[in-house]
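**Student:** In our numbering, the protein residues as written are 1469 to 1588.
We put the CB at the ideal spot given by N, CA and C, even for glycine.
This is the structure:
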């Protein structure tokens, strides 16, 4: 019987053109929703966030793929929790309007395992 190991997940997140086209007030609401989503990932049961990286100084403008706008690296207990984290983009409201975060941003989860490098 093998022990169930946590998944090492790199959440790759991109901001799309809808954000850049939005009025400043709406952009601020998107930022608040993005913060709620980010904290929501941190708060999922069993998730241990290892770090993050923001790439918006060397990559400017919308990001529909690599290079992404920002990254979050975490150990996640199972694939269902990975899906729950990604679903926060679908379920997190932006302000009081009709839109959810996924109108302005996208996520791609790269799922693997911790790589152990042995020292000789």
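Give every residue of the same chain whose Cβ lies closer than 8 Å to the Cβ of residue 1517, excluding the five residues on either side of it in the sequence, and list them in chain order.
**Tutor:** In the chain shown, residue 1517 corresponds to position 49, counting from 1. The answer, listed in chain order, is 1509, 1510, 1540, 1541, 1542.
**Student:** Taking the alpha helix (DSSP H) that residue 1483 falls in, what are its first and last residues?
**Tutor:** The count along the chain shown starts at 1 and reaches residue 1483 at position 15. Note, residue 1483: premise wrong, no alpha helix (DSSP H); beta strand (DSSP E) at 1475-1483.
**Student:** Across which residues does DSSP place residue 1617 in a beta bridge pair?
**Tutor:** It is not possible to answer for residue 1617, since the shown part of the chain is limited to 1469 through 1588.
**Student:** Would DSSP call residue 1573 helix, strand or coil?
**Tutor:** The residue labelled residue 1573 in the question sits at position 105 within the chain shown. Residue state, collapsed to three classes: strand.
**Student:** Near residue 1563, which residues of its chain fall below 6 Å by C-beta distance, leaving aside the five closest residues on each side in sequence?
**Tutor:** Here residue 1563 refers to the residue found at position 95 when the chain shown is read from its first residue. The answer, listed in chain order, is 1497.
**Student:** Are residue 1490 and residue 1569 close, meaning C-beta to C-beta below 7 Å?
**Tutor:** The residue given as residue 1490 occupies position 22 in the chain shown. The residue given as residue 1569 occupies position 101 in the chain shown. No.
**Student:** Indicate the three-state DSSP secondary structure (helix, strand or coil) for residue 1551 in the structure shown.
**Tutor:** Locating residue 1551 in the chain shown gives position 83, counting from the first residue. Residue state, collapsed to three classes: helix.
**Student:** Specify, as a first and last residue, the run of the alpha helix (DSSP H) that residue 1505 falls within.
**Tutor:** Reading the chain shown from its first residue, position 37 is the one you call residue 1505. Element bounds for residue 1505: 1492-1511.
**Student:** So, using beta-carbon positions, are residue 1481 and residue 1560 closer together than 7 Å?
**Tutor:** The residue labelled residue 1481 in the question sits at position 13 within the chain shown. The residue labelled residue 1560 in the question sits at position 92 within the chain shown. For residue 1481 and residue 1560, no; Cβs fall outside 7 Å.
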